[in-house]
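> Dropping a structure here in structure tokens format, bear with me for questions.
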Amino acid sequence: MSNRYITYSPALTLVPTYECFNRCSYCNFRVEPGQDAWLSLDEAERQLRSFGVGRTPSVPSPLRPSAEPSSRQSAERHIPVVTEILILSGEVHPQSLRRSPWFQRIYDLCQLALELGFLPHTNAGPLSFGEMEQLKSVNVSLGLMLEQMTPRLLETVHRDAPSKQPERRLEQLDWAGQLRIPFTTGLLLGIGEDRSDRITTLEAIAECHQRWGHIQEVILQPHSPGRTQGFLAGAFAAESLIETVALARAILPGAIAYNSAQPGPISRNSARLPRSRCPRSRRHWPSG
Ligand code: SF4
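Okay, here's the thing in structure tokens:
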């Protein structure tokens, strides 16, 4: 075959906060609102600089011009191993007085990452149209898992998760299209949906992409039980995952990349693992 390539992009994950007002019953990531210290800009800068950038911004940002390297050799010397920064946050309630400082912290982290020569990609749960518009200026792309379109899950795993209204999440994809923001989304598999639900969700993503042409990637994230979750189902079966990949190939437009993260628990620690193991985002999730 002519196009059998495996590509990857090493990424560093920054977690502005683990606090989240949702209580998805499969989550091992969240802490109670107000009980987590937010990531400071100083600590974020320390982590970012530990990846060897910041001394010389070396990745030309599409949003901010940077100095031309004097030669190809010097450019190569400064290319960092990690270029993508995933900003992966728990959610503060839209009506909370802390929403505004929470959003500002996320914005500032993105801006810091950009200034140090990285490419930020944020997944912080559902955003207002205005918040999304602001984040566009400091991100190369945004993400939000659609998870599953069936409203049945609002009576089970999402009973206490107001952010998991399927229509609201689909609206986020649509807004990203209106704002011309490259977007990553995906399905969470094995949380109580069935095959026909997966087809419906894939079709919803395909339809949105056909409208705006902005979905860059779809993650097929299999559930794998963690240590602190209340949801008692086992891991999503490997055979079902293969079948879902086949469905995705059949339903999603060819321009959309898709990937399936390896099964792994959704935990606070996992958010610091490479993207393929971590929840909540492009190539991974605690959903969000
Ligand atoms: S899965 Fe995401 S939205 Fe749900 S409780 Fe965990 S962090 Fe919050």
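Per the working numbering, the very first residue in the sequence shown carries number -12; after that it's consecutive. A virtual CB, placed ideally from N, CA and C, is assigned to each residue, including glycine.
Mind checking who Val205 pairs with in its DSSP beta bridge?
Within the sequence shown, the letter at position 218 stands for residue 205. Per DSSP, Thr172 and Tyr245.
> Output needed for Gly21: all residues of its chain with C-beta closer than 7 Å, excluding positions within five of it in sequence on either side, in chain order.
Within the sequence shown, the letter at position 34 stands for residue 21. Closer than 7 Å at Cβ, skipping near neighbours: Glu6.
> The beta strand (DSSP E) with His210 in it runs from where to where?
Numbered from its first residue, the sequence shown carries residue 210 at position 223. Run containing His210: none; DSSP gives neither H nor E here.
> Near Leu157, which residues of its chain fall below 8 Å by C-beta distance, leaving aside the five closest residues on each side in sequence?
For the purposes of this step, residue 157 is taken as residue 170 along the sequence shown, with counting starting at 1. Leu133, Met136, Ala191 and Cys195.
> Using only the heavy atoms of the ligand SF4, determine whether one of them is closer than 7 Å to the beta carbon of Phe223.
As a position in the sequence shown, residue 223 is number 236, starting the count at 1. Not so, every heavy atom of the ligand SF4 lies at least 7 Å from the Cβ.
> Using only CA atoms, which one of Gln34, Thr4 and Leu106 lies nearest to Val79?
Stepping through the sequence shown from its first residue, residue 79 is reached at position 92. If we check each option's Cα against that of Val79, Thr4 comes out closest.
> What do you reckon, are the CB atoms on Ser128 and His108 nearer than 8 Å?
One-based indexing of the sequence shown puts residue 128 at position 141. One-based indexing of the sequence shown puts residue 108 at position 121. Cβ distance < 8 Å, so Ser128 and His108 count as in contact.
> What's the call for Glu154, buried or exposed, on a 16-neighbour Cβ count within 10 Å?
For the purposes of this step, residue 154 is identified with residue 167 of the sequence shown, where counting begins at 1. Result: exposed.
> Based on DSSP bridge pairs, tell me the residues matched to Thr109.
Taking the sequence shown and counting its residues from 1, the one referred to as residue 109 is at position 122. The partner list for Thr109 (beta bridge, DSSP) reads Ile74 and Leu129.
> Which of helix, strand or coil does DSSP assign to Leu160?
One-based indexing of the sequence shown puts residue 160 at position 173. If DSSP states are grouped into helix, strand and coil, Leu160 belongs with the helices.
> Can you find the residues in the same chain that come closer than 7 Å, C-beta to C-beta, to Asp23, ignoring five residues on each side of it along the sequence?
What you label residue 23 is simply residue 36 of the sequence shown in a count that begins at 1. Contacts found: Thr4, Tyr5 and Glu6.
> For Gly217, does the count of other Cβ atoms within 10 angstroms reach 16, so buried, or fall short, so exposed?
Your numbering for residue 217 matches position 230 in the sequence shown. Exposed: under 16 other Cβ atoms inside 10 Å.
> Assign Val79 to one of three DSSP states: helix, strand, or coil.
Here residue 79 corresponds to residue number 92 of the sequence shown, with the count starting at 1. Note: Val79 maps to coil in three-state DSSP.
> Let me know the secondary structure DSSP gives Val18 once reduced to three states.
The sequence position of residue 18 within the sequence shown is 31, counting from 1. Strand.
> Check whether the stretch 203 to 220 and the stretch 167 to 178 touch, using three or more Cβ-Cβ pairs below 8 Å as the test.
Touching, yes, given that three or more Cβ pairs across the two stretches are closer than 8 Å.
> What would DSSP say about Arg267, mapped onto helix, strand or coil?
The residue given as residue 267 occupies position 280 in the sequence shown. Confidence is the limiting factor: at Arg267 the pLDDT is only 44, short of 50, which leaves the residue's position unreliable, though a coordinate-based value still follows. The answer is coil: DSSP assigns Arg267 none of H, G, I, E or B.
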